[in-house]
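**Q** Sharing a structure with you now.
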Amino acid sequence: MTVTEPQQLAYIAGQAAEARLRFELETEGMTLNIGPQHPATHGTLRIIVRLDGEQVVWADPSCGYMHRGYEKLAEVRKYQQVTTLVNRIDWLSSFCNEVPFILAAEQLYEVEAPPRAQWIRTLLFEMGRIANITLFLGEMGVQLGAITPVFYAFRDREHVLNLIEAATGGRFHPNYDRVGGLKDDLPKGWVEETKAVMDKVREFCDQMEDLLLGNEIFERRMRGIGVIPARVGLGYGLSGANIRASGVDWDIRRDEPSVLAWKDCDWKVWTHTDGDSFARYWVRLQETREAAKLVDQLCDGLPSGPIMAKMPARLRVPKGEAWVHTENPLGEMGYYVVSDGGPSGPFRCKIRSASFNNISILPWILRGVYVPDVITILSSLYFILGDIDR
Amino acid sequence: MSDAPTDDQTEDAAPPPPDPEREELVAALRRDLGDWLIEHVNANGDLWVRVDRKAWLKAGEVLREKHGFDYFCFLSGIDWLNNAELVQRYEQVWDPDAEAAGDGAADEGPYVGGRVAGGDTRFQVFARVYNVQRKLGITLKADLDDANPSVDSWVTVYRGADWHEREAWEMYGFEFAGHPGLRHIYLPVEFEGFPLRKDFALLARVVKPWPGLVDKEPVPGEDEEEGAEEAAPA
Amino acid sequence: MSALLAPALAALAVLPPVAAVDVTTYGWVTALKVAIVLGVIPAGALILGYVFLLKMMSHMQSRLGPMEAGPHGVLQLVADGVKFLQKEDIFPSRADRRVFAAAPLVVLMSTFLLYVVIPAGPRAVVEDLDTGIFFALAVSSISVIGVLMAGWASANKYALIGALRAAGQLIAYELPMVLAVVGVVIQAGTMSLSGIVVAQANYEVSVFGLFEIPKVPYVFPQIVGFLLFMIAAQAELSQAPFDMPVAESELVAGYMTEYSGFRFLFFFMGEFGSAFALAAIAATLFLGGWYVPGMSMDAVASDIIGPLVLGGKIMLVAFFIFWVRFTYPRLREDQLQSMAWKVLIPISLVNIAVTGVAKVVF
Amino acid sequence: MGLVEKGWLPKPLTKVLNSARRYSVWIYQWGLACCAIEMGSALASPRYDVMRLGVIPFPASPRQADLLVVSGTLTDKLAPSLRRLYEQMPDPKYVISMGSCANCGGPYWDSYSVTKGCDQIVPVDVYVPGCPPRPEALLEGIVLLQQRIGDEDMAERWKGEPPVVAGPTNSGVVVGGGPIA
Chain U
1 MTVTEPQQLA
11 YIAGQAAEAR
21 LRFELETEGM
31 TLNIGPQHPA
41 THGTLRIIVR
51 LDGEQVVWAD
61 PSCGYMHRGY
71 EKLAEVRKYQ
81 QVTTLVNRID
91 WLSSFCNEVP
101 FILAAEQLYE
111 VEAPPRAQWI
121 RTLLFEMGRI
131 ANITLFLGEM
141 GVQLGAITPV
151 FYAFRDREHV
161 LNLIEAATGG
171 RFHPNYDRVG
181 GLKDDLPKGW
191 VEETKAVMDK
201 VREFCDQMED
211 LLLGNEIFER
221 RMRGIGVIPA
231 RVGLGYGLSG
241 ANIRASGVDW
251 DIRRDEPSVL
261 AWKDCDWKVW
271 THTDGDSFAR
281 YWVRLQETRE
291 AAKLVDQLCD
301 GLPSGPIMAK
311 MPARLRVPKG
321 EAWVHTENPL
331 GEMGYYVVSD
341 GGPSGPFRCK
351 IRSASFNNIS
361 ILPWILRGVY
371 VPDVITILSS
381 LYFILGDIDR
Chain W
1 MSDAPTDDQT
11 EDAAPPPPDP
21 EREELVAALR
31 RDLGDWLIEH
41 VNANGDLWVR
51 VDRKAWLKAG
61 EVLREKHGFD
71 YFCFLSGIDW
81 LNNAELVQRY
91 EQVWDPDAEA
101 AGDGAADEGP
111 YVGGRVAGGD
121 TRFQVFARVY
131 NVQRKLGITL
141 KADLDDANPS
151 VDSWVTVYRG
161 ADWHEREAWE
171 MYGFEFAGHP
181 GLRHIYLPVE
191 FEGFPLRKDF
201 ALLARVVKPW
211 PGLVDKEPVP
221 GEDEEEGAEE
231 AAPA
Chain E
1 MSALLAPALA
11 ALAVLPPVAA
21 VDVTTYGWVT
31 ALKVAIVLGV
41 IPAGALILGY
51 VFLLKMMSHM
61 QSRLGPMEAG
71 PHGVLQLVAD
81 GVKFLQKEDI
91 FPSRADRRVF
101 AAAPLVVLMS
111 TFLLYVVIPA
121 GPRAVVEDLD
131 TGIFFALAVS
141 SISVIGVLMA
151 GWASANKYAL
161 IGALRAAGQL
171 IAYELPMVLA
181 VVGVVIQAGT
191 MSLSGIVVAQ
201 ANYEVSVFGL
211 FEIPKVPYVF
221 PQIVGFLLFM
231 IAAQAELSQA
241 PFDMPVAESE
251 LVAGYMTEYS
261 GFRFLFFFMG
271 EFGSAFALAA
281 IAATLFLGGW
291 YVPGMSMDAV
301 ASDIIGPLVL
311 GGKIMLVAFF
321 IFWVRFTYPR
331 LREDQLQSMA
341 WKVLIPISLV
351 NIAVTGVAKV
361 VF
Chain G
1 MGLVEKGWLP
11 KPLTKVLNSA
21 RRYSVWIYQW
31 GLACCAIEMG
41 SALASPRYDV
51 MRLGVIPFPA
61 SPRQADLLVV
71 SGTLTDKLAP
81 SLRRLYEQMP
91 DPKYVISMGS
101 CANCGGPYWD
111 SYSVTKGCDQ
121 IVPVDVYVPG
131 CPPRPEALLE
141 GIVLLQQRIG
151 DEDMAERWKG
161 EPPVVAGPTN
171 SGVVVGGGPI
181 A
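Keeping their order, the protein sequence lines are chains U, W, E and G.
Sequential numbering from 1 applies to the first sequence in this note's numbering.
Sequential numbering from 1 applies to the second sequence in this note's numbering.
Sequential numbering from 1 applies to the third sequence in this note's numbering.
Sequential numbering from 1 applies to the fourth sequence in this note's numbering.
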């Protein structure tokens, strides 16, 4: 974790903005209410900003417009039913939501899925990552005014969704995991088709690099905008590409012991030292490429065997608490599941979603920026409403 | 599936060797917190530490400043109330065998037992922080007073705790001393009650209980529906 | 619409009977001109909207675009127009009603006036003013008043920000546009648009005195001016990368946020109508206008082929305008201003100086 | 537009006006939850491309929109905004309720914060079931809505009285009613 000059400058600017807020602010400003139905907020986030001209004096994000009460609902459902529910937290990569939960449930059940199931989980996990981040890569352009890339993103994402549908039966919300394994095995010919689609994904990444990353205007809009110093970001709990763009070399897939198959593959965790919007975009682009690489490797090394473990013949889940987290496309996603030993579902299911923490830095980072940069920063932090509000 | 033995006893019999790195961390914490560090559990490659609620803020400060736990993961609460009545109402017919098994879903005491680093009171606040250099995580817990669940705010230590404390305040009614503004974060301002408390009943389930396995029931009115469709104007 | 039709009807009323067809009488000529202006603007807006906004954009995004309304969706914008006429006409409760109602008309009027001076043939021009290009640039700025009126009267913060952005942007880019045109005017020696077309038809470039290339349009000698003009036109039209006034992801719909029904349709027509007009001016100034080499300057046929040639050139220019629009992200407001004042204006001043020197020397 | 408001129009003109509205449905760009992504697929993905049908996703402001797709979970906190949004749209306006959540609460039927059905807030013209519905399902919903617009009686619509709520029709569209303007 090295502190670069832009990070330091951003920190100083933040402090200055705060001082200005505390001691100087007596101008005639305008309060602008962005959201909850605003094109920039990817849904229903609401940000109340106080403007001085076009400069933001302070910003107060107000979330909860998509709060659906997952934690309470999980308490009145079985473990098997909860996967249906948690699919819908981060709706762009639904499969990635159910994996950590099912791993936590398996820890409580004291079973472990067979290797093939774990490999397929990892495989679909990475495909979910591609399905998620491709949309980000295109959507970033729309937020900055270039409308075409998002159409390419939707076009190439469709191939990945088709594959997910072929394997799981659900194009969007697979609900494919079971405690102790998977619902079904992969269909015939799926692996070959997947590898063909991964070439398309790589092509898409190259296209985005040409269309957006190499565009001078895009670069001018992104560079130096929304710089997050690593220590501040960590204090706010930023994770995933947001914190890797600030130079923190931390990826749960690589750094934590896991039953999933990442440890058997050869891949790289990308970091960037700038910590600005451009770095976040760049890191995500590289991550998509790495994910495509991972999918290829996982397809090659897929072990044979059963996809479901032998489940112990008991109806009660032993008492205990389990914490499982994974590196989801948006950042760290974790489930703290408590079992009370009863026949029902989880006694308590704390869902640690990435976007909630990622967005909580907004009041800090939006001070002193211009209105167009608000949009840049919002998009580059990349949140999904369901992941914020749960 | 049916012939699998309940082999969890054998697994328990051979606990994994204690993790020296984490033990060391606990020892260091104990030097700073003294008796306020009540209990710790080091299992499954993870670490739970229960501290006294008076030491909640201090524990956070020590972890961040001395041990490099920069990363704030989450902060939330648990309600350990054993609300068996409510639970049974939610259960319905899903698991009839469980009823027959006899030993009952509910424990005897007022609160659910068998927790990791659990306490004696109803409410517990717990948080997780992480050291990204050493790749080490720790879950901190603190018991709160039943009547007045209140604890020091972590906002001064971890700025990210702000929203999490607002959430815990909203969901459980915990008070965080020193928090700049405990406002609603998820729910509308006029919302009444604390949804994640165990005595908060879900209205939809109380009014109309879940019917359970619908496959067992005949589908009612199938003929009538078809008739209605035909009768509808073109 | 009835307000717009009134002058046309009035013009028709003073016409002599049809039997005595003498197309040179003042009444007939005026009627024809009014009909052309009233017909060309909606037609131009429709063609540009359909070809570029709907079809070209869709195909560039590997889609088909409208297919159902008419063959290949050619009637899509007609359907849009008829639909907008049926929509409820909403005045926001705190709006300044009169200004709110007048704003789209002001924008549309600016567009209409632009067409007056554009020549489509030796005689196919509504009014061949001696200061044609000066007039065109002057009236094209009127639209900013309408935009400001719309933003102010809407009583909406997004609309207000959008209108102020539009005002700042149009002022900043009007200048490089005028300065870019000055180069052409110096070279042609006239401000009349018809005169500029004639000048281009007679313009010859001699390469080191060895051989001469006749009838070169000004896009070659004035390439810098052409690029400056196109950039400024892009900003003048609020197209990406200069679409801050209507930036969707920031300002919802900018100054148009509160407009519904046919008032929005006026803005829509104004947007594409001015795109059509500015493309026509660019084609006239730099691409030789209605003239193609080999065509007689005075033949009656020129009055028939000329508009078609001009139309083709307009489509070519508009293609570039919309191509950029659908590809580029937008600049930030301060970046846009600094680009106008620090880059474009100095370059255009240098361009004028070089043109002037070259004019004197050669 | 006096004739229109009186509701008296000759049949062929009604037909023309109806088909204009039918082939020009400007859809408001607003997504709520998971369904928004499937709606995005329908709007933006080359495979579905709703623009073929004349459904144009340009307007970012409700003032220029004809169609509002409630695409996802509606929470109690958001419900007032939805109502306001609907009222901001100019008449004639249409609403498609997309997905189980918007139809009836869906998987969150027992949640403490979810509105069970957006038809409690705004009148709905077409319900599209599914969780989330595939883009094809939304396309069908839109086609059904277009049929409905094509057959609409202008007089009824413009009288300013709410149309009577009908039962399920043969096409599976449930006709919703509600105050207009």
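All C-beta atoms in this analysis are idealised placements derived from N, C-alpha and C, irrespective of residue type, glycine included.
Find out if the Cβ-Cβ distance for the pair W:Asp-70, U:Gly-35 is shorter than 8 Å.
**A** Cβ distance not < 8 Å, so W:Asp-70 and U:Gly-35 don't count as in contact.
**Q** Answer with yes or no whether the minimum CB distance from G:Asp-76 to chain W is below 8 Å.
**A** yes
**Q** Exposed or buried, W:Gln-9, counting other C-beta atoms within 10 Å across all chains shown (16 or more means buried)?
**A** Only weak support exists for where W:Gln-9 lies, its pLDDT of 40 falling under 50; the value from the coordinates is given anyway. Result: exposed.
**Q** Quick one: grab the DSSP three-state call for W:Tyr-71.
**A** strand
**Q** Could you compute how far the alpha carbon of G:Lys-11 sits from the alpha carbon of E:Gln-86?
**A** 16 Å
**Q** Would you say G:Ala-36 and G:Ser-71 are within 8 Å of each other, going by their C-beta atoms?
**A** yes
**Q** Anything in chain E within Cβ reach of G:Asp-125, meaning under 7 Å, just list it in chain order.
**A** Result: empty, since nearest Cβ-Cβ is about 16 Å, beyond 7 Å.
**Q** Please confirm if W:Val-93 has its CB atom under 8 Å from at least one CB of chain U.
**A** Residue confidence for W:Val-93 is low, a pLDDT of 41 falling below 50, so the modelled location carries little weight and cannot support an answer.
**Q** Just confirm the distance between the C-beta atoms of W:Leu-75 and W:Ala-168, as a whole number of angstroms; I'd bet it's less than 8 Å.
**A** The Cβ separation is near 6 Å, so the contact holds.
**Q** Please state the DSSP three-state secondary structure of U:Val-57.
**A** strand
**Q** Is the beta carbon of W:Thr-139 sitting closer than 8 Å to the one on W:Arg-122?
**A** Not a contact, by the Cβ cut-off of 8 Å.
**Q** In chain order, which continuous runs of the alpha helix (DSSP H) of length 4 or greater are located wholly inside the stretch 111-159 of chain G?
**A** 135-150, 154-158
**Q** Please list the partners that U:Thr-44 has in chain G, where partner means a Cβ-to-Cβ separation under 7 Å.
**A** Leu-32, Leu-78
**Q** Taking 8 Å as the threshold (beta carbon to beta carbon), is E:Glu-250 in contact with chain U?
**A** yes
**Q** The alpha helix (DSSP H) that contains W:Gln-124, what's its start and end?
**A** Premise fails: W:Gln-124 lies in the beta strand (DSSP E), 123-131, not in any alpha helix (DSSP H).
**Q** Can you have a look at E:Lys-55 and say buried or exposed, based on whether 16 or more other CB atoms are within 10 angstroms of its CB?
**A** Counting Cβ neighbours within 10 Å, E:Lys-55 comes out buried, since at least 16 surround it.
**Q** In chain order, what residues of the same chain have a beta carbon less than 7 Å from the beta carbon of U:Lys-319, not counting five sequence neighbours either side?
**A** Ser-339, Asp-340, Gly-341
**Q** Report yes or no: is there a C-beta of chain E within less than 8 Å of the C-beta of G:Pro-90?
**A** yes
**Q** Can you check whether the C-beta of U:Tyr-236 is within less than 8 Å of a C-beta belonging to chain W?
**A** yes
**Q** For a test of the three-state rule: what should DSSP assign to W:Asp-107, helix, strand or coil?
**A** Model confidence at W:Asp-107 stands at a pLDDT of 47, short of 50, so the residue's coordinates are unreliable; what they give is reported in the following sentence. Coil.
**Q** Around the C-beta of U:Arg-348, are 16 or more other C-beta atoms found within 10 angstroms, so that it is buried, or is it exposed?
**A** buried
**Q** Just the chain E side, please: which residues come within less than 8 Å of G:Asp-151 by C-beta, in chain order?
**A** The premise fails here: G:Asp-151 is roughly 16 Å from chain E at the closest Cβ pair, so nothing lies under 8 Å.
**Q** If you drop the 5 nearest sequence neighbours on each side, which residues of the same chain put their C-beta closer than 8 Å to that of G:Leu-145?
**A** Val-25, Leu-67, Tyr-94, Ile-96, Asp-125, Val-126, Val-173
**Q** Using a Cβ-Cβ distance under 8 Å, would W:Gly-102 count as near chain U?
**A** Its pLDDT being 42, under 50, W:Gly-102 is placed unreliably in this model, and the value from its coordinates should be taken loosely. Judged by the 8 Å Cβ criterion, W:Gly-102 is not in contact with chain U.
**Q** Flag U:Gly-386 as yes if its beta-carbon sits less than 8 Å from any beta-carbon of chain W, otherwise no.
**A** no
**Q** Can you give me the Cβ contacts of U:Met-198 inside the same chain, cut-off strictly under 6 Å, excluding the 5 residues immediately before and after it?
**A** Ala-292, Val-295, Asp-296
**Q** Identify the contact partners of G:Asp-110 in chain W, using a Cβ-Cβ distance below 7 Å as the criterion.
**A** Leu-202, Ala-204, Arg-205
**Q** Please confirm whether G:Leu-138 has its beta-carbon closer than 8 Å to some beta-carbon of chain U.
**A** Cβ-Cβ to chain U under 8 Å: no for G:Leu-138.
**Q** Quick one: grab the DSSP three-state call for U:Cys-205.
**A** helix
**Q** In chain U, what lies closer than 9 Å to W:Thr-139 by C-beta?
**A** Glu-321, Trp-323, Tyr-336
**Q** Since I believe W:Ala-142 is in contact with W:Arg-53 (beta carbons under 8 Å), could you give me their beta-carbon distance rounded to a whole number of angstroms?
**A** Contact between W:Arg-53 and W:Ala-142 holds: their C-beta atoms lie close to 4 Å from each other, under 8 Å.
**Q** Can you tell me whether E:Met-57 is helix, strand or coil according to DSSP?
**A** helix
**Q** Can you tell me which of U:Ile-377, U:Gly-334, U:Arg-390, U:Ile-388 puts its alpha carbon nearest to the alpha carbon of U:Val-99?
**A** U:Gly-334
**Q** So, using beta-carbon positions, are U:Glu-327 and U:Arg-253 closer together than 8 Å?
**A** Yes, the pair counts as a contact, with Cβ atoms nearer than the cut-off.
**Q** Any C-beta of chain U sitting closer than 8 Å to the C-beta of W:Arg-159?
**A** Answer yes: the Cβ-Cβ gap between W:Arg-159 and chain U drops below 8 Å somewhere.
**Q** Is it buried or exposed, E:Trp-341, if we count other Cβ atoms within 10 angstroms and call 16 or more buried?
**A** exposed
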